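J.: Residue numbers (UniProt numbering): 1 to 273.
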């Protein structure tokens, strides 16, 4: 028994030190991304001046470098955050794709109905489980006492912007879910839960929830778009299901986002003073 207790204690201690694989070195990767983004911005500013002293052939090489390397910094940011978010939601450290179980359940749902639904579809429970799992993980890894220069300069750029062209309805759905994670970024509240060995900054906490909202929206839209038959009342049912998920997401995200906003507002006030 004593050996078992010692093993359990060692496992618990190791878990508290290393944390979730999804969070491992996340802060370091974000710092590296911020540094790379700053360098990219400076290079973009100097691009025109550099071109004036280069030959046409050299300009083509520099332009290729900018288009292939500098312009892809935002893609690296998406990769880092999205991978961590999906892993936290699914508890699969090797997952790198969308939340396919949720997509499959939506596709299998019957929206070819003659009457609007009076209760949420079955896939809602899966979405709720992802949201709750993510909320629990975030409560372990968020610490408002840590701040960086980027935290003090937090602005609306934390909101996730979709790339490419989408339909009006698709953009509206993604906006509804994403707004659940960003609408309270200017309000204040109490401190969040106690942090673990790895702690997120306020900016990172807001970013994580924003990417979680975007990831859910992407999967829901993919599922809705793959439903083969859907009546007008089925579309009403889809709207009902979507609003149910949005409400739960907003409820889960608000405490963290409000606490992050309080920390950032306090840091901004201190910097101004």
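We put the CB at the ideal spot given by N, CA and C, even for glycine. Please read these numbers as outputs of a predicted model, since none were measured by experiment.
Could you give the residue range of the alpha helix (DSSP H) that holds residue 310?
T.: There is no way to answer for residue 310, as the model of the chain reaches only from 1 to 273.
J.: Figure out for me which residue from 58, 63 and 72 has the closest Cα to the Cα of residue 37.
T.: Locating residue 37 in the chain shown gives position 37, counting from the first residue. Measuring from the Cα of residue 37, the nearest candidate turns out to be 72.
J.: Could you tell me which residues DSSP puts in a beta bridge with residue 111?
T.: The sequence position of residue 111 within the chain shown is 111, counting from 1. Note: residue 111 sits in a beta bridge opposite 230.
J.: Where does residue 30 land, buried or exposed, given buried means 16+ other C-beta within 10 angstroms?
T.: Residue 30 sits at position 30 when you count from the first residue of the chain shown. Buried: at least 16 other Cβ atoms inside 10 Å.
J.: Using a threshold of 8 Å, state whether the C-beta atoms of residue 217 and residue 135 are closer than that.
T.: Here residue 217 is taken as the residue at index 217 of the chain shown, counted from 1. Here residue 135 is taken as the residue at index 135 of the chain shown, counted from 1. No, these two residues do not count as a Cβ contact at 8 Å.
J.: Candidates 103, 114, 83 and 201: which alpha carbon is nearest residue 212's?
T.: Locating residue 212 in the chain shown gives position 212, counting from the first residue. Residue 83 is the option with its Cα nearest to residue 212.
J.: Classify residue 216 as helix, strand or coil using the three-state DSSP reduction.
T.: Translated into positions along the chain shown, residue 216 becomes position 216. Correct three-state label for residue 216: helix.
J.: Assign residue 122 to one of three DSSP states: helix, strand, or coil.
T.: Indexing the chain shown from 1 puts residue 122 at position 122. Three-state result, residue 122: coil.
J.: Any idea if residue 39 is buried or exposed, counting beta-carbon neighbours within 10 angstroms, 16 or more meaning buried?
T.: Locating residue 39 in the chain shown gives position 39, counting from the first residue. So residue 39 counts as exposed.
J.: Pull up the distance between the alpha-carbon of residue 132 and that of residue 245, whole angstroms please.
T.: Counting from 1 along the chain shown, the entry for residue 132 is found at position 132. Counting from 1 along the chain shown, the entry for residue 245 is found at position 245. Their backbone Cα atoms lie some 11 Å apart in a straight line.
J.: For residue 52, is the classification buried or exposed, using 16 other Cβ atoms within 10 angstroms of its Cβ as the cut-off for buried?
T.: For the purposes of this step, residue 52 is taken as residue 52 along the chain shown, with counting starting at 1. Classification of residue 52: exposed, given that the 10 Å Cβ count is below 16.
J.: Measure the beta-carbon distance from residue 209 to residue 242 and round it to whole angstroms, keeping in mind my assumption that it falls under 8 Å.
T.: Taking the first residue of the chain shown as 1, we reach residue 209 at position 209. Taking the first residue of the chain shown as 1, we reach residue 242 at position 242. Not a contact, Cβ separation roughly 18 Å.
J.: Measuring straight from C-alpha to C-alpha, what distance separates residue 58 and residue 239?
T.: Taking the first residue of the chain shown as position 1, residue 58 is located at position 58. Taking the first residue of the chain shown as position 1, residue 239 is located at position 239. Distance between the alpha carbons of residue 58 and residue 239 is about 54 Å.
J.: If you draw a straight line from the alpha carbon of residue 226 to that of residue 46, how long is it in whole angstroms?
T.: Translated into positions along the chain shown, residue 226 becomes position 226. Translated into positions along the chain shown, residue 46 becomes position 46. Roughly 46 Å separates the two Cα atoms.
J.: Going by DSSP in three states, residue 55 sits in which element: helix, strand or coil?
T.: Here residue 55 corresponds to residue number 55 of the chain shown, with the count starting at 1. In the structure shown, residue 55 sits in coil (DSSP, three-state: anything other than H, G, I, E or B).
J.: So, using beta-carbon positions, are residue 103 and residue 219 closer together than 8 Å?
T.: Taking the chain shown and counting its residues from 1, the one referred to as residue 103 is at position 103. Taking the chain shown and counting its residues from 1, the one referred to as residue 219 is at position 219. Closer than 8 Å, so yes.
J.: From 126, 117 and 248, pick the residue whose C-alpha is nearest to that of residue 285; which is it?
T.: Any question about residue 285 goes unanswered here, given that the chain covers just 1 to 273.
J.: Take residue 123 and list the residues in its own chain whose beta-carbon comes closer than 7 Å to its own, dropping the five residues that flank it on each side.
T.: By 1-based counting over the chain shown, the position of residue 123 is 123. Here the set comprises 102, 105, 106 and 109.
J.: Throw me the rounded Cβ distance for the residue 115 and residue 233 pair, which I believe falls under 8 Å.
T.: In the chain shown, the residue the question calls residue 115 occupies position 115. In the chain shown, the residue the question calls residue 233 occupies position 233. Indeed they touch by this definition, with Cβ atoms about 6 Å apart.
J.: Can you tell me whether DSSP reads residue 69 as helix, strand or coil?
T.: Within the chain shown, the letter at position 69 stands for residue 69. DSSP places residue 69 in coil when its eight states are reduced to three.
J.: Hey, would you say residue 140 sits closer than 8 Å to residue 205, going by beta carbons?
T.: On the chain shown, position 140 is the one that residue 140 refers to. On the chain shown, position 205 is the one that residue 205 refers to. No; because the gap between Cβ atoms is not below 8 Å, this pair is not in contact.
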